[in-house]
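Enquirer: Here's a structure for you.
Protein chains in written order, with the numbering used here: chain A, 1 to 274; chain B, 1001 to 1266.
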């Protein structure tokens, strides 16, 4: 590890093109590669069955997920996730804007929302099973009932935090309600809303997995639990890997969307900092 | 001085409205099964649920399960926080480590912790350790990422000043890095406390180690709707308490900081 450190330090210091490319490759890929190699070495030597080596997992990944399983298990899971997240975003922003703009409504609902948000979302799975049975609707309802809170509460906060000078200016210029909503309130709240959506995404992913582990005969969560129960260790690892990839993909996609939506905002912060 | 009574009036109005909101929710809940909109077998009367809740509160077995859940929560949160603060400070202070670990962190962080449940079960069986794996994994990242941000946020001028005044490394840590990181750390800690509670209960539901989560799963499979809803209310109250306590700690620890001082009425 120390020898490795030394090499990186010298490559960045000498500023030839070749070493700079090497550094830009080594930095992001160096540690993961090192760990994978280490894992492989340890796994092939040890007799622990629960930690197969990376190549076996990669092989299992190819065999398990590329093929009909992708259509039968992965796509339905992702569809439920997508529907749940979309519904949370729409409902959360709509309700949050109304509540945030109406003072008495906000004061009326604040303690209630505070309580509902504090309920650990997975606890709602048994409740939803009781009310809706084991259906796709139930899984989507579970995802929405967990993922809506960060969006809703952040929207309320964001709408409340609209600059009062701007609100008064809009009022004195007699900007209509809709225009004010569209050009002032929502943009002003958007940084907070996006922060809420980011939290909601990870909650939604967790709920997708658990709702399937709990009550399903298909889906990503069900498959992983099935592999574990049948001691298909490499397959189980490949499922964990796939879930990780889904998580990373969601994070990257969200980052791209956020950068587009909040381009003006990051621009302002950049100017303020300079 | 004239402002004072109106402010108190406003606070009173706010509290009243809040109570009205909560009561309204309970009334609507009571009305839905009463009017037959949903079968009381699936959505029991709120009176039944509250009665069950009070029944639980005098039951010693209930408190033992609650204690079991909160023990997992406390152990998991402590281990995750200590590990995250140490690793986060080291990684945050050394630019080489920050660059080298960036991709690892960006890949590992979004992995939903519940994906690790099968692995934890294989390794530890139906025991607390299995739940702890999940709790620690999930809450670690919340604190770790905040600490890295916080440590990186040290003001450049302040750092140069400290250096030119010849502060030792330890002095720099306690007078420069710690105050800058503390607000970030408290945010991370508050988030981690909530996440740890969620996963403590989730783990018990899915893995089946003793605690509130397993009790919820048992009442569901027994078809005991009132018991199930009572437990859901209990978990909500627990979550609320964790939020309130950690917000209080945050305000206390950061009483010197602008973000807290700024909230006080001027």
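All C-beta atoms, glycine included, are put in the ideal place defined by N, C-alpha and C.
How about residue 155 of chain A and residue 189 of chain A: are their beta carbons less than 8 Å apart?
Expert: Locating residue 155 of chain A in the first chain gives position 155, where the first residue counts as 1. Locating residue 189 of chain A in the first chain gives position 189, where the first residue counts as 1. Yes. Within cutoff.
Enquirer: Using only the alpha-carbon positions, how far apart do residue 260 of chain A and residue 267 of chain A sit?
Expert: Here residue 260 of chain A is taken as the residue at index 260 of the first chain, counted from 1. Here residue 267 of chain A is taken as the residue at index 267 of the first chain, counted from 1. When rounded, the distance between both Cα atoms is 11 Å.
Enquirer: Which residue marks the beginning of the alpha helix (DSSP H) containing residue 1149 of chain B, and which one marks its end?
Expert: Walking along the second chain from the start, residue 1149 of chain B turns up at place 149. Counting along the chain, the alpha helix (DSSP H) containing residue 1149 of chain B begins and ends at 1128-1152.
Enquirer: When the Cα atoms are used, what is the spatial distance from residue 110 of chain A to residue 88 of chain A?
Expert: For the purposes of this step, residue 110 of chain A is taken as residue 110 along the first chain, with counting starting at 1. For the purposes of this step, residue 88 of chain A is taken as residue 88 along the first chain, with counting starting at 1. Between residue 110 of chain A and residue 88 of chain A, the C-alpha separation is close to 19 Å.
Enquirer: Could you tell me the alpha carbon to alpha carbon distance between residue 1129 of chain B and residue 1115 of chain B, rounded to whole angstroms?
Expert: Within the second chain, residue 1129 of chain B is the residue found at index 129, counting from 1. Within the second chain, residue 1115 of chain B is the residue found at index 115, counting from 1. Each residue's Cα considered, the two are about 16 Å apart.
Enquirer: Taking the alpha carbon of residue 1144 of chain B as the point to measure from, which residue in B:1206, B:1168, B:1079, B:1208 has its own alpha carbon closest?
Expert: By one-based count along the second chain, residue 1144 of chain B stands at place 144. The shortest C-alpha separation from residue 1144 of chain B is found at B:1079.
Enquirer: Given a cut-off of 8 Å, decide if residue 1226 of chain B and residue 1042 of chain B are closer than it, judged by their beta-carbon atoms.
Expert: Mapped onto the second chain, residue 1042 of chain B falls at position 42. Mapped onto the second chain, residue 1226 of chain B falls at position 226. No, they are not a contact pair.
Enquirer: Counting only beta-carbon separations shorter than 8 Å, does residue 1014 of chain B have a partner in chain A?
Expert: Position 14 of the second chain, counted from the first residue, corresponds to residue 1014 of chain B. By this cut-off, residue 1014 of chain B is an interface position.
Enquirer: Nearer than 7 Å: is that true of the beta carbon of residue 257 of chain A relative to any heavy atom of the ligand ZN?
Expert: Of the ligands one can find in the structure shown there are none, so the ligand ZN has no counterpart to examine.
Enquirer: Given this structure, state the Cα-to-Cα distance separating residue 1001 of chain B from residue 1009 of chain B, to the nearest angstrom.
Expert: Here residue 1001 of chain B is taken as the residue at index 1 of the second chain, counted from 1. Here residue 1009 of chain B is taken as the residue at index 9 of the second chain, counted from 1. Residue placement at residue 1001 of chain B is poorly supported in this model, since its pLDDT is 49, which falls under 50; the coordinates are not used for a value here.
Enquirer: According to DSSP, simplified to helix, strand and coil, what is residue 1125 of chain B?
Expert: Position 125 of the second chain, counted from the first residue, corresponds to residue 1125 of chain B. DSSP places residue 1125 of chain B in coil when its eight states are reduced to three.
Enquirer: Exposed or buried, which one is residue 73 of chain A when buried takes at least 16 other CB atoms within 10 Å?
Expert: Taking the first residue of the first chain as 1, we reach residue 73 of chain A at position 73. The residue is buried, with at least 16 neighbouring Cβ atoms inside 10 Å.
Enquirer: Give the DSSP-derived three-state secondary structure of residue 70 of chain A in the structure shown.
Expert: Reading the first chain from its first residue, position 70 is the one you call residue 70 of chain A. Three-state result, residue 70 of chain A: helix.
Enquirer: Assign residue 1235 of chain B to one of three DSSP states: helix, strand, or coil.
Expert: What you label residue 1235 of chain B is simply residue 235 of the second chain in a count that begins at 1. Helix.
Enquirer: Output yes or no for whether 8 Å exceeds the beta carbon distance between residue 1134 of chain B and residue 1120 of chain B.
Expert: Mapped onto the second chain, residue 1134 of chain B falls at position 134. Mapped onto the second chain, residue 1120 of chain B falls at position 120. Yes, the pair counts as a contact, with Cβ atoms nearer than the cut-off.
Enquirer: Considering only C-alpha positions, which residue in the set A:101, A:206, A:224, A:207 is nearest to residue 158 of chain A?
Expert: Within the first chain, the letter at position 158 stands for residue 158 of chain A. When each option's Cα is compared against that of residue 158 of chain A, the closest is A:101.
Enquirer: Residue 205 of chain A: buried (16+ other C-beta within 10 angstroms of its C-beta) or exposed?
Expert: Here residue 205 of chain A is taken as the residue at index 205 of the first chain, counted from 1. Looking at its Cβ environment, which holds 16 or more other Cβ atoms inside 10 Å, residue 205 of chain A is buried.
Enquirer: Starting from the Cα of residue 249 of chain A, find the closest Cα among B:1106, B:1051, B:1155, B:1216 and give me that residue.
Expert: Taking the first chain and counting its residues from 1, the one referred to as residue 249 of chain A is at position 249. For residue 249 of chain A, the nearest C-alpha among the options comes from B:1106.
Enquirer: Against residue 30 of chain A, what residues of chain B qualify as contacts under a CB-to-CB distance less than 8 Å, listed in chain order?
Expert: Position 30 of the first chain, counted from the first residue, corresponds to residue 30 of chain A. What residue 30 of chain A touches in chain B: 1100.
Enquirer: Is it buried or exposed, residue 1 of chain A, if we count other Cβ atoms within 10 angstroms and call 16 or more buried?
Expert: Within the first chain, numbered from 1, the residue matching residue 1 of chain A stands at position 1. Low confidence applies to residue 1 of chain A: its pLDDT is 41, below 50, so where it sits in the model is not reliable enough to give any reading.
Enquirer: Measure the alpha-carbon distance for residue 232 of chain A versus residue 201 of chain A and round it to whole angstroms.
Expert: In the first chain, counting from the first residue as 1, residue 232 of chain A sits at position 232. In the first chain, counting from the first residue as 1, residue 201 of chain A sits at position 201. Rounded to the nearest angstrom, the two C-alpha atoms are 29 Å apart.
Enquirer: By the 9 Å beta-carbon criterion, what residues does the region 1025-1053 of chain B contribute toward chain A?
Expert: Answer in chain order: 1025, 1038, 1041, 1042, 1043.
Enquirer: Under 7 Å Cβ to Cβ from residue 1247 of chain B, same chain only, skipping five residues before and after it: list those, please.
Expert: Position 247 of the second chain holds residue 1247 of chain B. Excluding residues within five positions, the ones whose Cβ falls inside 7 Å are 1190.
Enquirer: DSSP state of residue 148 of chain A, grouped into three classes?
Expert: For the purposes of this step, residue 148 of chain A is taken as residue 148 along the first chain, with counting starting at 1. Reduced to three states, the DSSP call for residue 148 of chain A is helix.
Enquirer: Scan the region 1039-1091 of chain B and note each continuous alpha helix (DSSP H) run of 4 residues or more that stays entirely inside, going in chain order.
Expert: Here the runs fully enclosed are 1046-1057.
Enquirer: Relative to chain B, which residues along the region 82-106 of chain A have a C-beta separation below 8 Å, given in chain order?
Expert: Those residues of the region 82-106 of chain A that come within reach of chain B (Cβ to Cβ, closer than 8 Å) are 104.
Enquirer: First and last residue of the alpha helix (DSSP H) that includes residue 1094 of chain B?
Expert: In the second chain, residue 1094 of chain B corresponds to position 94, counting from 1. That residue, residue 1094 of chain B, is in no alpha helix (DSSP H); it is neither H nor E in DSSP.
Enquirer: At a cut of 8 Å, does the region 1016-1024 of chain B reach the region 1191-1202 of chain B through at least three beta carbon pairs?
Expert: The region 1016-1024 of chain B, when compared against the region 1191-1202 of chain B, does not touch it at the 8 Å Cβ threshold.
Enquirer: Answer with buried or exposed for residue 1099 of chain B, where buried requires no fewer than 16 other C-beta atoms within 10 angstroms of its C-beta.
Expert: Your numbering for residue 1099 of chain B matches position 99 in the second chain. Classification for residue 1099 of chain B: buried.
Enquirer: Okay, do the region 1168-1177 of chain B and the region 1226-1240 of chain B touch, 3+ Cβ pairs below 8 Å being the bar?
Expert: Not touching, per the Cβ criterion.
Enquirer: When you compare only the Cα positions, how much space is there between residue 1038 of chain B and residue 199 of chain A?
Expert: Taking the second chain and counting its residues from 1, the one referred to as residue 1038 of chain B is at position 38. Taking the first chain and counting its residues from 1, the one referred to as residue 199 of chain A is at position 199. Their backbone Cα atoms lie some 32 Å apart in a straight line.
Enquirer: Apart from the five residues on each side of it in sequence, which residues of its chain come closer than 7 Å, Cβ to Cβ, to residue 129 of chain A?
Expert: The residue given as residue 129 of chain A occupies position 129 in the first chain. Correct list, in chain order: 138, 215.
Enquirer: Kindly indicate which residue of A:234, A:243, A:244 has the alpha-carbon position closest to the one of residue 58 of chain A.
Expert: Residue 58 of chain A sits at position 58 when you count from the first residue of the first chain. Cα-wise, what sits closest to residue 58 of chain A is A:234.
Enquirer: Would you list, in chain order, the members of the region 118-148 of chain A that have their beta-carbon closer than 8 Å to a beta-carbon of chain B?
Expert: Listed in sequence order: 118, 119, 120, 121, 122, 123, 124, 125, 126, 127, 129, 130, 131.
Enquirer: Can the beta-carbon of residue 240 of chain A be found less than 8 Å from the beta-carbon of residue 224 of chain A?
Expert: The count along the first chain starts at 1 and reaches residue 240 of chain A at position 240. The count along the first chain starts at 1 and reaches residue 224 of chain A at position 224. Yes, they are a contact pair.
Enquirer: Quick check: what's the CA-CA separation for residue 1244 of chain B versus residue 186 of chain A?
Expert: Locating residue 1244 of chain B in the second chain gives position 244, where the first residue counts as 1. Locating residue 186 of chain A in the first chain gives position 186, where the first residue counts as 1. Taking the straight line joining both Cα atoms gives about 29 Å.
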